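**Q** Here it is, the structure, as structure tokens.
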Amino acid sequence: MRIKDTLNLGKTKFPMRGNLPNREGEWQKAWEENKLYEQRLKLNEGKPRFDLHDGPPFANGNIHMGHSLNKISKDIIVRYKNMSGFYAPFVPGWDTHGLPIEQQLAKQGVDRKTMDRAEYRELCRKYAMEQIDKQRTDFKRLGVMADWDHPYITLQPKFEAEEIRVFGKMFEKGYIYKGLKPVYWSPSSESTLAEAEVEYHDVKSPAIYVAFQVEDGKGILDNDTYMVIWTTTPWTIPVNVGITVNPKFEYSVIKVAGEDRKFVIGTSQLEKVAEDLEWKDYEVVDTFKGTDFDRMTVKHPLYDKTSLVMNDTYVTAEDGTGLVHNATGFGEDDYNVGKKYGLPVYSPMDDQGRYTKDIPDPNLVGVFYDDANKMITKQLEEKKALLKLSFFTHSYPHDWRTKKPVIYRATTQWFASVDAFRDQILAEIEKANFTPSWGKTRLYNMIKDRGDWVISRQRAWGVPLPIFYAEDGTPIVSKETIEHIAQIFEKEGSNAWYTHTAEELLPAGFKSEHSPNGKFKKETDILDVWFDSGSSHQGVLAVRPELHYPADLYLEGSDQYRGWFNSSLITSVAVSGHAPYKSVLSQGFVLDDKGHKMSKSLGNVISPNDVIKQMGAEIIRLWVASADTTSDVAVSKGILQQNAESYRKIRNTLRYMLANTSDFDPKTNRVAYSDLRSIDQYMEVLLNKLVKDCLAAYDRYDFTSVYKMVFKFISNELSAFYLDFAKDVLYIEGEDSLPRRAMQTVIYDALVKLTKIMTPILPHTMEEAWGYLKEDEDYVQLSDMPEVETFDNEAELVENWTEFMKFRDDVLKALEEARNDKLIGKSFEACVDVYPTAETKAVFDKLNTDMRQILIVSKLNILDGEAPADAKDFETAKLVVKRVEGEVCQRCRMTRNDVGADAQLPTLCGRCAEIVEENFPEEVKEGLED
């Protein structure tokens, strides 16, 4: 037998390399075959419920890193809750209706305008289902545990039926109405847009100053006076119906040298406007309040018609002249003030953004609005109404799908009135919890300021508006018709709207005084897709028996304050009187490491599937856990590589701990806390604090802190401290000695607790490690989170060991200095003489521990009296580091004076000789080889 064979060198089959790209799929297959999701829920039956309602991603294309951040975050929460005494199912969802799928079919050569509507919608449905299968595979590969066989999908007949019922309830309460008013309109999509479907990009636009001649100045202004407006949309000048001034502002009438006209400008803007128009010499001839101009008229600068001057406080002093040109059909404020003054809504433009024959100038008929800017500017110049043309770059709304500009355009649409129950919505926001906390203010202000919701869309692929029209044009909606349609949709899906006549869709024998001949027509518009997903609280939470309503948590990106958080809140309060969620958690956007959005043109797109093939899903999951999602989240190959390095550190530490507890049976070898050495008790206390802090962080959805605390514990408390000096016990002491079993107790406890704590974040790796532990559960996912314990002496223990760690830091500094001076190499070559302060000496007495072993030196002398002059002076002690005298023990590698004291074991120190003789008596008699 060799001396090496007397050591307890740890062994484990837990591999050093994770081989994650290959192994993860095997584990996932085993989880699915053994129905771990179902097993976990069965264990939790009867426990408190926790519902995280999945905001449905759109079914189009493979997932991206934003999807990964979202779904992994949800998975971490749901896994944690299930391991923490909650019944926490997770039903994934998909949003399937809307323009993107129509666009994808168009790219494939499908022309919806030439097809039967029902056949076209069937193509859309098939495409959506293909995309769902693709994304489901991607999500499962991330290790997300969910009810993947029973997701909710917005095209499912039962979901569509519940959405129709939501519409019916809102209509019944008077929240739904039809009106002509300006809405976001996308000429490129030929449809209205919700606020959540609008994004902003910089564009270069013309800016013009235009003079409107006063026609009726009410005896205050002469006809040689001109009101000056500034606009960035010259194309709206032909549809001008008025000018709005602020009743609270002062306005100046000015005379410019060399001009036979006088001009009206807001007094506060006068200096800036004069500079812009290069008026070097001008004088103010009079001033008036905005109220003085109310109901004056001015001449239209292009046509033989008049425009009304109105008062409203929406006019600001930030830009322009303090006078705003008004086009009731192309602006929300324009519409509102025009309505107040009884002006008609004038919107001579078609769905594609081209002027119709109702425009006064026949040359503009059929011209695209943006192309008309140059024509109109030229006409204004010819009429001497143009005072200046310039260009500037500014942020402008765009269609989030087509990336092309949108306009405000008045069209006849169906609206949901937010104003009718706004106060109730705001009250519900106050009751909910928001993370980050600013989310409450953000959503509150959005609801407080938002206008009515345009819920109709001029598209084919969506849930049809369940409205009939009588012979005289009266809309027909009632409890009876809604429920009848819902029941049909529940059986056949919403395509029934297109495969049945109106009479077939109405209840049998339905009659209306508005249709004496019994003829009815169906609405051709569909519901806004945000109404689809916004109805999921009824289509999913309220009807699936394993879920409950309201949900405990909604978690999505911060853009959903104007999207899903918003639409769901409106519909839920409308039909149920309360919010659909108790808490809202929002996350930032995924950007590259330079703060740019992912873009193929920039070449910075990182595909989750590519990362999985190269590194494994665990690295993406660790990236999610390490990211501060309260703001935008950076990702790059370099960042992922850093996560991979952190993963290796975690894995290798687990491997070392598994190797050194491979001969430890917790049922027979465990050492009771009261019998542990002081240092082991201290580690148990630190481990317990880690558990407490991590559970608290999980409870507040702070994965970043969980990751940081675990990584710090593994790196500092374990690797750099406890496991560092543990070799002198684990390897050297007798296999069944108390010090060794005590350390193994601590290491095993740490393994079990760390594995459980990290399972929500790294389920594949922790499941692999769990297979090497001697625990009752077959899978760590079927175990529970560790409980927080209390120890009677923990306060005193922590206080004393905290003081000792200060002393240890001083010793490490002294050893490093000695190493730099070439006095020693390894710390085992050192002898340290310690002249402690009184306070430090008191700590030594309380700890009663083998400090030499903890400090990993061969000799430690605690001395009284005066320290020599060459002693290094530290806060806790004066220290002298010397090269230790003696020989190196071939077993423990310490330098000792008693090597060879035992003639039978001439290369071993006295301690090792005693251990070997006690544990290997027969082998010693036979003789050991070096």
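The sequence shown begins at -19 in the numbering used here and counts up one residue at a time. We put the CB at the ideal spot given by N, CA and C, even for glycine. Every value quoted in this text rests on a predicted model; they were computed, and no experiment measured them.
1. If you pair each beta-carbon of the region 82 to 102 with each one of the region 701 to 719, do three or more pairs fall below 8 Å?
2. Report the option in Tyr132, Lys106, Ala141 and Gly(-2) whose CA atom is closest to the CA atom of Ile465.
3. Could you check the C-alpha separation between Ile741 and Ile56 for me, to the nearest Å?
4. Any idea if Ile200 is buried or exposed, counting beta-carbon neighbours within 10 angstroms, 16 or more meaning buried?
5. Take Lys931 as the anchor and find which of Thr205, Glu255 and Asp272 has the nearest alpha-carbon.
6. Mind checking if Gly(-10) is an interface residue toward chain C, Cβ cutoff 7 Å exclusive?
7. If you scan the region 787 to 865 from start to end, which runs of the beta strand (DSSP E) of 3 or more residues do you find wholly inside it?
8. Could you give the C-beta distance for Val278 and Phe192, rounded to a whole number, given that I count them as a contact under 8 Å?
9. Which residue or residues does DSSP assign as beta-bridge partners of Val194?
10. Which residues bound the alpha helix (DSSP H) around Ser48?
11. Quick one, which of Arg657, Val615 and Lys733 has its alpha-carbon nearest Lys672's?
12. Specify the secondary structure class of Arg635 as computed by DSSP and reduced to three states.
13. How should Thr296 be labelled, buried or exposed, when 16 other C-beta atoms within 10 angstroms of its C-beta is the threshold for buried?
14. Does DSSP put Phe147 in a helix, a strand or coil?
15. Do the CB positions of Ala482 and Leu122 come within less than 7 Å of each other?
16. Once you ignore the five residues that flank Ser370 on each side, which residues in its own chain have a CB closer than 6 Å to its CB?
17. Could you work out which residue in Thr415, Glu503, Val864 and Ile405 is closest to Asp608 when comparing CA atoms only?
18. Take Gly537 as the anchor and find which of Tyr107, Val791, Arg430 and Gly419 has the nearest alpha-carbon.
19. Can you tell me where the beta strand (DSSP E) with His374 in it begins and where it stops?
20. Have a look at Ile245 and Val253 and give me their C-alpha separation to the nearest angstrom.
21. Give the single residue among Ser397, Leu670 and Gly431 whose Cα lies nearest to the Cα of Asn696.
22. Between which residues of its own chain and Gly514 is the CB-CB distance below 6 Å, once the five residues before and five after are set aside?
23. Go ahead and pull the three-state DSSP assignment for Gly519.
24. Would His744 be called buried (16 or more neighbouring beta carbons within 10 Å of its own) or exposed?
25. Quick check: the region 460 to 476 against the region 130 to 145, are at least 3 beta-carbon pairs closer than 8 Å?
26. Can you find at least 3 beta carbon pairs, one from the region 431 to 444 and one from the region 500 to 514, that sit closer than 8 Å?
27. Can you have a look at Pro816 and say buried or exposed, based on whether 16 or more other CB atoms are within 10 angstroms of its CB?
28. For Thr184, which three-state DSSP category applies?
29. Closest by CA to Ala847, which one among Ala857, Asp756 and Ile447?
30. When you compare only the Cα positions, how much space is there between Leu803 and Thr875?
31. What is the residue span of the beta strand (DSSP E) that Thr205 lies within?
32. Which same chain residues end up closer than 7 Å to Gln870 when comparing Cβ atoms and leaving out the 5 residues on each side of it in sequence?
33. Compare the beta carbon distance of Lys852 and Ala794 with 7 Å and say whether it is the shorter of the two.
34. Since Ser556 is in the alpha helix (DSSP H), which residue starts that stretch and which ends it?
35. What residue range does the alpha helix (DSSP H) around Trp510 cover?
36. Got a sec, what are the start and stop residues for the alpha helix (DSSP H) Val591 sits in?
**A** On the basis of the data shown:
1. no
2. Taking the sequence shown and counting its residues from 1, the one referred to as residue 465 is at position 485. Out of Tyr132, Lys106, Ala141 and Gly(-2), Ala141 has the C-alpha closest to the C-alpha of Ile465.
3. For the purposes of this step, residue 741 is taken as residue 761 along the sequence shown, with counting starting at 1. For the purposes of this step, residue 56 is taken as residue 76 along the sequence shown, with counting starting at 1. Spanning the two alpha carbons is a distance of roughly 6 Å.
4. As a first step, residue 200 must be located in the sequence shown, where it is residue number 220. It counts as exposed.
5. Outside the displayed range of the chain (-19 to 910) lies residue 931, so it cannot be described from this structure.
6. Annotation note: the requested chain C is absent from the structure, which comprises a single protein chain.
7. 810 to 816, 839 to 842 and 857 to 863
8. Here residue 278 refers to the residue found at position 298 of the sequence shown. Here residue 192 refers to the residue found at position 212 of the sequence shown. Going by Cβ atoms, the distance from Val278 to Phe192 rounds to 4 Å, so yes, they are a contact pair.
9. Stepping through the sequence shown from its first residue, residue 194 is reached at position 214. According to DSSP, Val194 bridges with Val278.
10. Here residue 48 corresponds to residue number 68 of the sequence shown, with the count starting at 1. That run of the alpha helix (DSSP H) goes Met45 to Asn62.
11. For the purposes of this step, residue 672 is taken as the residue at position 692 of the sequence shown. For the residues Arg657, Val615 and Lys733, the minimum Cα distance to Lys672 belongs to Lys733.
12. Position 655 of the sequence shown, counted from the start, is the residue given in the question as residue 635. Note: Arg635 maps to helix in three-state DSSP.
13. Along the sequence shown, read from residue 1 onward, the residue named residue 296 stands at position 316. Result: exposed.
14. Locating residue 147 in the sequence shown gives position 167, counting from the first residue. If DSSP states are grouped into helix, strand and coil, Phe147 belongs with the helices.
15. Counting from 1 along the sequence shown, the entry for residue 482 is found at position 502. Counting from 1 along the sequence shown, the entry for residue 122 is found at position 142. No, the Cβ-Cβ distance between Ala482 and Leu122 is not below 7 Å.
16. Residue mapping note: residue 370 aligns to position 390 of the sequence shown, counting from 1. Hits under 6 Å: Ala187.
17. The residue given as residue 608 occupies position 628 in the sequence shown. Among Thr415, Glu503, Val864 and Ile405, the Cα nearest to that of Asp608 belongs to Thr415.
18. On the sequence shown, position 557 is the one that residue 537 refers to. Looking at the Cα atoms, Gly419 is the closest of the given residues.
19. Counting from 1 along the sequence shown, the entry for residue 374 is found at position 394. Its beta strand (DSSP E) spans residues Leu366 to Asp379.
20. Indexing the sequence shown from 1 puts residue 245 at position 265. Indexing the sequence shown from 1 puts residue 253 at position 273. So the alpha carbons of these two residues sit roughly 8 Å apart.
21. Counted from its first residue, the sequence shown places residue 696 at position 716. Nearest option by C-alpha distance: Leu670.
22. What you label residue 514 is simply residue 534 of the sequence shown in a count that begins at 1. Result list for Gly514: Ser547, Ser548 and Thr551, in chain order.
23. In the sequence shown, the residue the question calls residue 519 occupies position 539. Here Gly519 sits in helix by DSSP.
24. By 1-based counting over the sequence shown, the position of residue 744 is 764. Flag for His744 reads buried.
25. yes
26. yes
27. One-based indexing of the sequence shown puts residue 816 at position 836. It counts as buried.
28. Within the sequence shown, residue 184 is the residue found at index 204, counting from 1. Reading off the sequence, residue 184 comes out as Lys, not Thr. Strand, per DSSP.
29. The residue given as residue 847 occupies position 867 in the sequence shown. With distances taken between Cα atoms, Ala847 lies closest to Ala857.
30. Against the sequence shown, residue 803 aligns to sequence position 823. Against the sequence shown, residue 875 aligns to sequence position 895. Taking the straight line from one Cα to the other gives about 15 Å.
31. Here residue 205 refers to the residue found at position 225 when the sequence shown is read from its first residue. Its beta strand (DSSP E) spans residues Thr205 to Thr211.
32. Residue 870 sits at position 890 when you count from the first residue of the sequence shown. Excluding sequence neighbours, Gln870 sits near Ile(-17), Thr887, Leu888 and Asp910.
33. As a first step, residue 852 is located in the sequence shown; it is residue number 872 there, counting from the start. As a first step, residue 794 is located in the sequence shown; it is residue number 814 there, counting from the start. Yes, Cβ-Cβ distance for Lys852 and Ala794 is below 7 Å.
34. Start at 1 with the first residue of the sequence shown, and residue 556 comes out as number 576. Its alpha helix (DSSP H) spans residues Trp544 to Ser556.
35. Taking the sequence shown and counting its residues from 1, one reaches residue 510 at position 530. Val509 to Gly514 is the extent of the alpha helix (DSSP H) around Trp510.
36. Within the sequence shown, the letter at position 611 stands for residue 591. From DSSP, the alpha helix (DSSP H) with Val591 extends over Pro588 to Gln594.
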